[in-house]
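**Student:**
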Amino acid sequence: MTDTVSRRQRAAGTEVALKQAAREIFAERGYLNTKITDITAAAGRATGSFYNHFAGKEELLEALLKDMLLEADEAVVDVAGHDADFSKLSAIRWHVAAFWGFYQAHLPEMVAVKQAAMADPELGRRLQQIMADDDQHMIEHFSHLPRPPADPLVAISAMNALMEGFAYTWLVVNPANGQTITDEAAIDTLTNLLHHGLVG
Numbered sequence: 515m516t517d518t519v520s521r522r523q524r525a526a527g528t529e530v531a532l533k534q535a536a537r538e539i540f541a542e543r544g545y546l547n548t549k550i551t552d553i554t555a556a557a558g559r560a561t562g563s564f565y566n567h568f569a570g571k572e573e574l575l576e577a578l579l580k581d582m583l584l585e586a587d588e589a590v591v592d593v594a595g596h597d598a599d600f601s602k603l604s605a606i607r608w609h610v611a612a613f614w615g616f617y618q619a620h621l622p623e624m625v626a627v628k629q630a631a632m633a634d635p636e637l638g639r640r641l642q643q644i645m646a647d648d649d650q651h652m653i654e655h656f657s658h659l660p661r662p663p664a665d666p667l668v669a670i671s672a673m674n675a676l677m678e679g680f681a682y683t684w685l686v687v688n689p690a691n692g693q694t695i696t697d698e699a700a701i702d703t704l705t706n707l708l709h710h711g712l713v714g
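To get the working numbering, take the position in the sequence shown, counting from 1, and add 514.
1. Nearest by alpha-carbon distance to Asp597: which of Arg524, Thr683 and Glu654 is it?
2. Out of Thr561, Gly527, Asp648 and Leu641, which one is the CA nearest neighbour of Glu588?
3. Quick check on the DSSP output: what are the complete alpha helix (DSSP H) runs of length 4 or more inside the segment 589-620, in order along the chain?
4. Below 8 Å, can you find three or more Cβ-Cβ pairs linking the segment 629-639 to the segment 690-708?
5. Which residues in the same chain as His567 place their Cβ atom closer than 7 Å to its Cβ, once the five residues preceding and following it in sequence are excluded?
6. Grouping DSSP H, G and I as helix and E and B as strand, with all else coil, what is Ser671?
7. Quick check on the DSSP output: the alpha helix (DSSP H) that includes Gln643 runs from which residue to which?
8. Between which two residues does the alpha helix (DSSP H) containing Ile701 stretch?
9. Put Gly679 into one of helix, strand or coil per three-state DSSP.
10. Between Val627, Ala536, Val668 and Ser657, which has its C-alpha nearest Ile644's C-alpha?
11. Return the CA-CA distance between Asp697 and Trp608, expressed in angstroms with no decimal places.
12. Could you pull the start and end residues of the alpha helix (DSSP H) that His655 belongs to?
13. Which value, in whole angstroms, describes the spacing of the CA atoms of Ser671 and Glu576?
14. Counting only the same chain and skipping the five closest in sequence on each side, list residues whose C-beta sits under 7 Å from that of Phe613.
15. Please list, in chain order, all residues of the same chain as Ile553 whose beta carbon is under 8 Å from its beta carbon, the five residues on each side excluded.
Printed below as a string of structure tokens:
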């Protein structure tokens, strides 16, 4: 029994080490330039051990995305100030600020998701589905609007595209003219655009 528990603990430790190493290598080299051997070397694990946990780099990225979204969902429960009423500017701002902080905290994974989707459309669809499944809880937020959207999932996808594109521009690419933006200014800009678009 002790041997079984010990093996499980080692396996769990290896999976955690591989995920952490992937984050670090993605941040350093980008998803497309990262090889499985880069990840296992950084994790201090044998290359063969990778395949005991993941079928490939794509499955590892999917696992990282699920972990991130689960962590974000748990954080929402623990943080004060959450309001589902999107008719209120403050409720939208809370969600925008949460997204902005999430994107910053998971920059390597968010960039990896974007790169992976561009390189492999089928993987991109799977990653989008993972995020879409996580968005289901947002439907209630639109029910408070004076004129709720006919298709809330379409509205959610538009909202996500705006926030993700804006975050990628300012946190990853940075405008060519060298201009920067503070977190508060970024959050305010997104909040005002979304509030105007949703409430009018």
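C-beta: ideal position from N, C-alpha, C; glycine also.
Every value quoted in this text rests on a predicted model; they were computed, and no experiment measured them.
**Tutor:** Reading it off the structure:
1. With distances taken between Cα atoms, Asp597 lies closest to Glu654.
2. It is Asp648 whose Cα lies nearest to the Cα of Glu588.
3. Entirely contained in the segment 589-620, the alpha helix (DSSP H) runs reaching 4 residues are, in chain order, 603-619.
4. The segment 629-639, when compared against the segment 690-708, does not touch it at the 8 Å Cβ threshold.
5. Closer than 7 Å at the Cβ level, and outside the excluded window around His567, lie Thr528, Glu529 and Leu532.
6. Ser671 falls in the helix class under three-state DSSP.
7. In the DSSP assignment, Gln643 falls within the unbroken alpha helix (DSSP H) covering Pro635 to Asp649.
8. Ile701 -> alpha helix (DSSP H) spans Asp697 to Val713.
9. Here Gly679 sits in helix by DSSP.
10. Measuring C-alpha to C-alpha distances from Ile644 to each of Val627, Ala536, Val668 and Ser657 identifies Val627 as the nearest.
11. When rounded, the distance between both Cα atoms is 13 Å.
12. Residues Ile653 to Phe656.
13. So the two alpha carbons sit approximately 19 Å from each other.
14. Excluding its 5 nearest sequence neighbours in each direction, Phe613 has C-beta neighbours in its own chain below 7 Å: Met677, listed in chain order.
15. The answer, listed in chain order, is Leu532, Ala535, Ala536, Ile539, Phe564, Lys571 and Leu574.
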